[in-house]
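Residue numbers (our numbering), protein chains in the order written: chain A, 4 to 278; chain B, 21 to 275. Every residue gets a Cβ at the ideal spot worked out from N, C-alpha and C, and that includes glycine. Predicted, not measured: the structure shown is a model, and the values here were computed from it. Notes follow the structure.
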């Protein structure tokens with residue numbers, strides 16, 4: 004006769020796991036000085052409340068709109084110029100780092116010789132280094148080196164994104180069918196010719212959509228980098244935050260949303276046309 | 021005709037690139053001029069001798085632990101609030117609550133972490149608490165949306181079976197829906213945690229604690245040796261997270 008068991012057989016292990024997680028996280032509360040109460044405290048609430056209540060109506064003075072327009076254009080220009088510089092470095096680096104154009108790989112079934120792998124390592128290492136330092140750290144460093152303003156933002160985007168684009172391009176080259184390029188190489192064509200006729204036709208669509216996606220990311224990144232003084236919309240948001248000008252912050256955040264939506268539409272258009 | 025439009029688009033892109041450089045007034049020739057290059061070289065050289073004294077390393081260790089704690093607690097808070105918001109966002113309590121909670125989630129997600137951090141520094145003061153709250157805010161938006169989609173995609177039959185047997189709504193959710201959902205939730209949480217560790221190390225630039233604040237302070241004081249150690253620590257953290265996540269993915273996530 005079956006009896007109903009109202010007990011949950013998995014209770015004990017779950018309880019133990021939860022206790023373990025709690026024990027690990029408990030010191031974290033001390034280290035992160037977590038205090039949710041500040042959000043509800045009377046004085047900070049009134050401080051915050053006054054700031055947030057200034058959000059409506061968003062600032063829309065003639066002079067401010069002019070400033071906003073300039074900052075938005077600057078953000079777009081930083082992202083575009085940064086991407087252009089990044090491509091200058093990323094395309095040659097990806098060609099150097101990719102195994103797809105290895106002569107020894109063509110005759111050894113896709114595995115380059117030890118020497119070939121050794122020679123590719125410095126380029127790979129450089130790309131890893133460029134993309135491992137976050138872009139905002141690069142921006143902070145460049146603000147110190149070349150001064151406040153959009154130049155630092157452009158250079159920071161160029162450096163981080165060349166690392167990412169170079170790595171991803173090299174991987175895309177390796178991910179498609181290698182036989183056309185290998186047969187071209189073995190028939191005696193140069194590497195560039197083998198790339199242009201053996202690999203590029205297969206990868207063009209993917210390269211393009213990834214590049215456009217990265218441009219979209221660059222716009223978001225250039226807004227964020229403004230917070231360390233690298234120009235554009237972010238710098239204006241930072242300034243207005245420090246002056247507790249809630250209305251200005253609100254209209255700039257709205258502009259940011261519109262900009263992201265706009266970039267999304269442009270990238271959809273480009274992908275649809277070319278890919 | 022099609023080709024013409026494509027050609028026009030390419031021309032537009034070229035024009036946009038040229039216009040951007042013009043608009044920003046970036047003169048690459050001046051930037052790479054001999055005097056400027058020498059100055060930048062001298063600046064870079066000062067980074068090449070990182071400060072590895074015991075006291076500084078200890079401070080960095082504390083900063084790294086703070087960064088980890090911020091990311092872990094921020095993600096955990098976000099998971100809890102994300103699940104709470106995901107239930108109405110998946111349409112379980114009627115369309116009114118559904119569209120309201122979706123609006124909240126979109127708003128939370130649309131503002132980048134760094135902007136949240138700047139806002140939270142105003143509300144909660146300088147320090148890691150502001151960073152934790154900022155991470156929690158943005159991640160709640162992201163996780164809430166992912167959870168809501170996962171909730172909508174889980175098969176409803178187990179929960180329905182429990183309801184038909186007379187179990188109440190809570191039992192049906194806990195024993196009918198959650199077991200199916202749990203692996204996916206865990207995968208999302210771990211993925212966001214990974215992102216948040218990286219983010220937490222730079223949130224300090226606006227005063228929200230962790231390694232970022234150390235880097236900002238030491239760069240502002242022109243202590244390049246100390247700053248380069250912090251950058252090295254950030255690199256180690258990023259590599260450790262990358263290694264851990266690829267290992268755990270191979271180990272736990274069956275493809």
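Residue burial classification, residue i (beta-carbon count within 10 angstroms, cutoff 16)
{"i": "residue 152 (chain A)", "result": "buried"}
{"i": "residue 275 (chain B)", "result": "Below a pLDDT of 50, predicted positions are generally treated as unreliable, and residue 275 (chain B), at 45, falls in that range; the measurement from the model is reported next regardless. Classification of residue 275 (chain B): exposed, given that the 10 Å Cβ count is below 16."}
{"i": "residue 238 (chain A)", "result": "buried"}
{"i": "residue 8 (chain A)", "result": "exposed"}
{"i": "residue 170 (chain A)", "result": "buried"}
{"i": "residue 175 (chain B)", "result": "exposed"}
{"i": "residue 136 (chain B)", "result": "buried"}
{"i": "residue 216 (chain B)", "result": "buried"}
{"i": "residue 66 (chain A)", "result": "exposed"}
{"i": "residue 21 (chain B)", "result": "exposed"}
{"i": "residue 185 (chain A)", "result": "buried"}
{"i": "residue 264 (chain B)", "result": "exposed"}
{"i": "residue 221 (chain B)", "result": "buried"}
{"i": "residue 35 (chain B)", "result": "exposed"}
{"i": "residue 217 (chain A)", "result": "buried"}
{"i": "residue 255 (chain A)", "result": "buried"}
{"i": "residue 182 (chain A)", "result": "exposed"}
{"i": "residue 283 (chain B)", "result": "No answer is possible for residue 283 (chain B): the residues shown for chain B start at 21 and end at 275."}
{"i": "residue 213 (chain B)", "result": "buried"}
Residue i, DSSP secondary structure in three states
{"i": "residue 22 (chain A)", "result": "helix"}
{"i": "residue 111 (chain A)", "result": "coil"}
{"i": "residue 244 (chain B)", "result": "helix"}
{"i": "residue 146 (chain B)", "result": "coil"}
{"i": "residue 247 (chain A)", "result": "coil"}
{"i": "residue 275 (chain B)", "result": "Caution is warranted here: a pLDDT of 45 is assigned to residue 275 (chain B), below 50, making its placement in the model unreliable, and no coordinate value can be reported."}
{"i": "residue 173 (chain B)", "result": "helix"}
{"i": "residue 30 (chain A)", "result": "helix"}
{"i": "residue 268 (chain A)", "result": "helix"}
{"i": "residue 105 (chain A)", "result": "coil"}
{"i": "residue 258 (chain B)", "result": "helix"}
{"i": "residue 151 (chain A)", "result": "coil"}
{"i": "residue 214 (chain A)", "result": "helix"}
{"i": "residue 130 (chain A)", "result": "helix"}
{"i": "residue 21 (chain B)", "result": "coil"}
{"i": "residue 35 (chain A)", "result": "coil"}
{"i": "residue 43 (chain A)", "result": "coil"}
{"i": "residue 146 (chain A)", "result": "helix"}
{"i": "residue 7 (chain A)", "result": "coil"}
{"i": "residue 263 (chain B)", "result": "helix"}
{"i": "residue 250 (chain B)", "result": "helix"}
{"i": "residue 16 (chain A)", "result": "helix"}
Any non-hydrogen atom of the ligand COA closer than 8 Å to residue i Cβ
{"i": "residue 51 (chain A)", "result": "Absence of the ligand COA from the depicted structure is noted, as is the absence of any ligand whatsoever, leaving it without description."}
Just to confirm the assignment: which complete beta strand (DSSP E) runs, minimum length 3, are found wholly within the region 53–136 of chain B? none
| task | At 4 residues or longer, and completely inside the region 170–207 of chain A: list those alpha helix (DSSP H) runs for me, N to C. | result | 182–189 and 194–197
Residues from the region 120–137 of chain B in contact with chain A, defined by Cβ distance under 8 Å
From the region 120–137 of chain B, only 130, 131, 132, 134 and 135 have a Cβ closer than 8 Å to chain A.
| said: Any C-beta of chain A within less than 8 Å: which residues of the region 135–169 of chain B qualify? | reply: 135, 138, 139, 142, 143, 144, 145, 147, 148, 149, 151, 152 and 153
Which residue spans inside the region 216–245 of chain A form an unbroken beta strand (DSSP E) run of at least 3?
none
- request: Can you check the region 49–95 of chain A for any beta strand (DSSP E) of at least 3 residues that lies completely inside it and give the ranges in chain order?
  value: none
**Residues from the region 19–39 of chain A in contact with chain B, defined by Cβ distance under 7 Å** = 28, 31, 32, 34, 35, 36, 37 and 38
If you measure beta-carbon to beta-carbon, which residues of the region 154–178 of chain A are closer than 7 Å to chain B?
If the cut-off is 7 Å between Cβ atoms, the region 154–178 of chain A has 154 and 157 near chain B.
Quiz item: Quick one, which residues of the region 224–237 of chain B are near chain A if we go by CB-CB under 8 Å, in chain order?
Solution: 225, 226, 229, 235 and 236
- Task: Note down, in chain order, all residues in the region 56–83 of chain A with a beta-carbon under 9 Å from any beta-carbon belonging to chain B.
- Result: 76, 77, 79, 80, 81, 82 and 83
Listed from N- to C-terminal order along the chain, which residues in the region 27–40 of chain B have their beta-carbon within a distance smaller than 7 Å of any beta-carbon of chain A?
29, 36, 37 and 40
Query raised in the report: Any residues in the region 125–136 of chain A with a beta carbon nearer than 7 Å to a beta carbon of chain B? Which ones, in chain order?
Result: 135 and 136
Requested in this report: Report the residues of the region 74–100 of chain B with a CB closer than 7 Å to any CB of chain A, ordered along the chain.
Outcome: 85, 86, 89, 90, 92, 93 and 96
The region 236–262 of chain B: positions lying closer than 8 Å to chain A by Cβ: 236, 239, 251, 254, 255, 258 and 259
Taking beta-carbon pairs under 8 Å, can you tell me which members of the region 198–223 of chain B lie near chain A?
218, 221 and 222
| message | Along the region 85–98 of chain A, where does the CB come closer than 7 Å to a CB of chain B? Name the residues. | response | 87
- Please specify which runs of the beta strand (DSSP E), each continuous and at least 3 residues long, are wholly inside the region 150–223 of chain B, giving them in chain order. none
At a Cβ cut of 9 Å, what residues of the region 50–73 of chain B count as close to chain A, listed as they run along the chain?
-> 51, 56, 59, 60, 63, 64 and 67
Taking Cβ-Cβ distances below 7 Å as the criterion, which residues of the region 246–268 of chain A are in contact with chain B? Residues 256 and 260.
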